[in-house]
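Have a look at the structure below before the remarks.
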Amino acid sequence: MAGGVIPAACRVALPLPVSQPYWYRLPPGIADRVAPGARVVVPVRAREMIGIVTDLGDAPREDLKSVLLAPDPNPLLPPRLLDLAAWIGRYYVAPLGLCLRAMVPGPLWGESRLVARAADAGAVPGGASAEVFAALERLGGRAVATRLARAVGRPVWDTLQRLARVGAVHLETEAPSLGPAAGAERVVVLTRALPSLLERDRVFGRAARQRAAYEALDAAGGEATWNHLVRGLGFGPAIVRALVERDLAEVQERARLRDPFADTAVERPPALSAAQRDAVTALAPGPEGGVALLFGITGSGKTLVYLEAVRRAVEAGRGAIVLVPEIALTPQTVARVRGFFGPGVAVLHSALSDAERADAWRAIATGERRVVVGARSAVFAPLADLGCIVLDEEHDHSYKNGEAPRYHARRVALARARLEHAQVILASATPALETWAARDRLTVVALPERIGARPLPPVRLLDLREAARVPEARAVPWTVVLDDAVRGRLEAGEQVLLLLNRRGHAHFLQCTGCGLVWECGACSITLTVHRTPARLRCHYCGAERDIPATCAACGHDTQRSRGVGTQQLEQWLATRFPAARLARMDADTTGTKWSHARILDAVRRGEVDVLFGTQMIAKGLDFPNVTLVGVVDADTGLHLPDFRAAERTFQLIAQVAGRAGRGPRGGEVIVQTRAPAHPALAHTVRHDFEGFAARELAARHSPPYPPVVDLARVVLSTTSERAAADAAVAVADWLGGVIRARSLPVEVVGPAPAPLARIKGRWRWHLLLRSRDPRGLGALLRYASRRGPYGRGSAVRLIVDRDPVNLL
Ligand code: ADP
Ligand code: ZN
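Residue numbering for the sequence shown follows my numbering, starting at 5 and increasing by one per position.
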């Protein structure tokens, strides 16, 4: 320790929602192993927990409990990651312990048990030590410390530490049991395909549950764990056994956790094109790192460019992190990174076993692995000297964490890079407007052409209000043009991608004649239809009005929107194209998380003719044989009560369109919509991101929304609707009072019922805070979290979400 003074106490952040770390006394013999960032085992009530030391100092009080153990010879967290945790805690208004919990993999936390093992009886000093050692031997030479304490009838920590120092016992922490041990699990695997609906009718007859189980397995990529089928989806064991008896499926014992990337092919990188070489040069980092936007159209070869930038960091002796939106949906990117850097790559994914995850963390911390690929949380990889962070598809919403701390990986990457003088590369064909608005402060490197000078596919908008439809499709919007196009591609042996992003969260009013949708005059978001009482209501400011009987624009009778989802689409496709091999991908097809990766693999191997699903199929996939992309209904997200509805729609359509025509056969895109004149759609036809962004940015001034202002969302929820509304009003009043008293430049919008009015039995209301002064907003949020109404222990749950991405 500095100056040779041994600190008497340390502060320890525990993975609990408490606002401040606790102080603990440092017994001699442990103090020299403890530094900020080190793990320690401490008593918490009747338990032992692992925490992370944040500071050292003098004991603030006499009656502190003592640290029990310091398991790591070196601090687990580099000091800069501790600084980053503190930054996240401040910015996102989250307890430090929760920020650290989000950073450090679960297995390195947890309630642990201290285990003592007898080692060398000859080294035991006399007295109390001998007594404890004897008790340990009576317990078989190995015992959990608390068991030992019971055996001798008093605390044994100090004694055990002493015994450990002289080598008489070994002490180790044992992670608590985290559910069933690793090992085998039962997986139900389909063994016979019934691609056509007719066949399914014949095989299952009236055995509807068996058929449903079969279809759930099929949708999940052909297999699912027994647990998921029986407990998750509620199919009885008898139903699953019936599938087995009919030779449709079998039950396999599988090692529980296997590396889902173990057998993905590793891609050898091609040589850089001239445009890519120029881009690599332009991306050279400054001495402080800097932030670059790699703005390249879909298929322009961004991956190779940023991997060269990663290589540059590695060759300079530093480490790099490549973030991808969702790792199960981006197996190709992972394969490319591994093709580039070989076994030196740590792939952080959710199928790692606890031990593997802890090992990966250590291998990164020691510098054994210097390139890390992973989703959101990989931004915390403990590289000692970080040179470069890449966010691929930087506009993707999965970079935002859905629980406290509600961090955004882009924001965290920027903060971390500043602390470590690292470079950040944001890659996208459709950057987030937040990024685009800041482009003057970034190094913008553009790749305006596709690899091999392939053209972007032509995009055709089909107006669903007028275009001829296939009548048998009934509720499924299916035009004759799309029908012919799909048939033609299938006959040519090419692959088709169909997007139907149905999230039926909010019902809006749309005129069937002209397509007009009602919006709030003050908030410019779609008004939502409420039934009791029957009103149109704004989910931001709470304004309401009567439901109009006729359309304000054309006088036609208005009607509520009705939606068709992917399952109906599947039924239709199976009827219409009985010979086609279909694969569906959406949130419901998660038999195991990796079924998505398996489905994508099957598409790549040409075993699927039509891949259809939600936005999952739009994420950066590169399938050269996909020649037709169809958007079945482009309006599904256009009228959600969310100020980003247009931006999201543009990004989604542009991204899914970018999946077409990546091979020599070219491709085309057909987009079905009722709003062909909407800028989010009109600009996709010209592949015109910049035009769309200019227009949308202008619209964010009035009413003001990000990136023009900073936004925070406060959600209040409780089991009674009335109480939730009252709480929201009380919080809005309280915030208004603070804002006035301190003349803060913050505006309160709302409160209003949240568009998702009820989740898991809790009614939800929300309000928005907007400000042009991020510091003032941060100060208000921190003050509110300390002093505001509805703190911990209240029946009303209050959530603060800074820079919210989801406003439903
Ligand atoms: P983006 O991420 O910009 O959409 P990708 O990085 O996926 O584009 O590249 C598109 C396709 O072009 C991929 O199949 C990739 O292997 C290929 N590609 C990229 N660079 C080259 C190159 N220099 N020579 C040949 N093929 C390339
Ligand atoms: Zn409004």
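Glycine is no exception: its CB is placed at the ideal position from the N, C-alpha and C atoms.
Use the C-beta contact count for residue 728: other C-beta atoms within 10 angstroms, 16 or more gives buried, fewer gives exposed.
So residue 728 counts as buried.
Just the residues with CB closer than 5 Å to a heavy atom of the ligand ZN, in chain order, which are they?
The filter returns 524, 526, 527, 542, 544, 545 and 547, in chain order.
Have a look at the DSSP bridge pairing and note the partners of residue 458.
According to DSSP, residue 458 bridges with nothing at all.
Let me check understanding here. Comparing Cα to Cα, which of 307, 490 and 362 lies closest to residue 671?
It is 490.
Measuring alpha carbon to alpha carbon, tell me which of 437, 528, 236 and 512 ends up nearest residue 698.
Per the Cα distances, 437.
Measuring CA to CA, which of 162, 716 and 501 is closest to residue 613?
It is 501 whose Cα lies nearest to the Cα of residue 613.
By Cβ distance below 6 Å, which residues in the same chain neighbour residue 803 in space, the five residues on each side in sequence not counted?
Taken in chain order, the residues that qualify are 719.
Does the Cβ of residue 452 lie closer than 7 Å to at least one heavy atom of the ligand ADP?
Every heavy atom of the ligand ADP is 7 Å or more from the Cβ of residue 452, so no.
Below 8 Å on the Cβ atoms is my guess for residue 368 versus residue 356; work out the distance and round it to an integer in Å.
Contact flag wrong, Cβ pair sits at about 13 Å.
Assuming residue 664 and residue 451 make a contact with CB atoms under 8 Å, what is their CB distance in whole Å?
Contact doesn't hold; Cβ gap of about 18 Å is too wide.
Does the contact criterion of 3 or more C-beta pairs under 8 Å hold for the segment 371-384 versus the segment 315-329?
Flag = yes, the segment 371-384 and the segment 315-329 touch.
I need the straight-line Cα distance from residue 786 to residue 295, nearest angstrom please.
If I take the Cα positions, the gap works out to 28 Å.
Spell out a yes or no on whether the segment 459-479 and the segment 685-694 are touching, meaning 3 or more CB-CB pairs, one atom from each, closer than 8 Å.
The segment 459-479 is in contact with the segment 685-694.
Is any non-hydrogen atom of the ligand ADP found closer than 7 Å to the C-beta of residue 604, if you look at the structure I gave you?
Flag unset: Cβ of residue 604 not near the ligand ADP.
Excluding sequence positions up to five away, which residues of its chain have a Cβ less than 7 Å from the Cβ of residue 262?
Any reading at residue 262 must be qualified, since the residue scores a pLDDT of 49, below 50, and its modelled position is unreliable; the value itself is stated next. Excluding residues within five positions, none has a Cβ falling inside 7 Å.
Classify residue 798: buried if its beta carbon has 16 or more other beta carbons within 10 angstroms, exposed otherwise.
The residue in question, residue 798, is exposed, as its Cβ has fewer than 16 Cβ neighbours within 10 Å.
Can you give me the Cβ contacts of residue 884 inside the same chain, cut-off strictly under 6 Å, excluding the 5 residues immediately before and after it?
Here the chain covers residues 5 to 812 and nothing more, so residue 884 does not appear.
For residue 216, I'd like the list of residues in its chain whose CB is within less than 8 Å of its CB, leaving aside the five on either flank, ordered along the chain.
The answer, listed in chain order, is 239.
To the nearest angstrom, how far is it from the Cα of residue 69 to the Cα of residue 530?
Cα-Cα distance, rounded: 56 Å.
Pick out whichever of 86, 35 and 29 has its Cα sitting closest to the Cα of residue 64.
Of the candidates 86, 35 and 29, the one whose C-alpha sits nearest the C-alpha of residue 64 is 29.
Using a threshold of 7 Å, is the CB atom of residue 277 nearer than that to any non-hydrogen atom of the ligand ADP?
Flag set: Cβ of residue 277 near the ligand ADP.
Are the CB atoms of residue 60 and residue 103 nearer to each other than 8 Å?
No. Outside cutoff.
Suppose the cutoff is 7 Å on Cβ atoms and the five residues either side in sequence are ignored; what does the same chain contact list for residue 184 look like?
Low confidence applies here, because residue 184 scores a pLDDT of 36, under 50, leaving its location unreliable and the question unanswered by this model.
Where residue 348 and residue 403 are concerned, what is the direct C-alpha to C-alpha distance, given to the nearest angstrom?
Each residue's Cα considered, the two are about 25 Å apart.
Roughly how many whole angstroms lie between the Cα atoms of residue 512 and residue 549?
Going from the Cα of residue 512 to the Cα of residue 549 covers about 13 Å.
Strictly by DSSP, which residues pair up with residue 14?
In DSSP, residue 14 forms a bridge with 28 and 60.
Using 8 Å for Cβ pairs, my map puts residue 280 next to residue 309. What's the rounded Cβ distance?
Indeed they touch by this definition, with Cβ atoms about 5 Å apart.
With three or more C-beta pairs closer than 8 Å as the rule, is the segment 540-557 touching the segment 568-582?
As far as the Cβ criterion goes, the segment 568-582 does not touch the segment 540-557, which means the pair count is below three.
Determine the direct distance from the alpha carbon of residue 472 to that of residue 619, and round the result to whole angstroms.
The straight-line gap from Cα to Cα measures roughly 26 Å.
In or out: residue 256 buried (at least 16 other Cβ within 10 Å) or exposed?
That one is exposed.
Whole angstroms are fine: how far does the CA of residue 758 sit from the CA of residue 73?
Distance between the alpha carbons of residue 73 and residue 758: 47 Å.
How long is the line joining the alpha carbons of residue 277 and residue 654, rounded to whole angstroms?
One C-alpha to the other measures close to 29 Å.
Compute the distance between the beta-carbons of residue 304 and residue 455, then report whether it is under 8 Å.
Their beta carbons are under 8 Å apart, which means residue 304 touches residue 455 by this criterion.
Excluding the five sequence neighbours on either side, which residues of its own chain have a C-beta within less than 6 Å of the C-beta of residue 515, listed in chain order?
The answer, listed in chain order, is 555, 560 and 562.
Around the C-beta of residue 400, are 16 or more other C-beta atoms found within 10 angstroms, so that it is buried, or is it exposed?
It counts as buried.
Smallest Cα separation from residue 647: which of 231, 695, 528 and 763?
Nearest option by C-alpha distance: 528.
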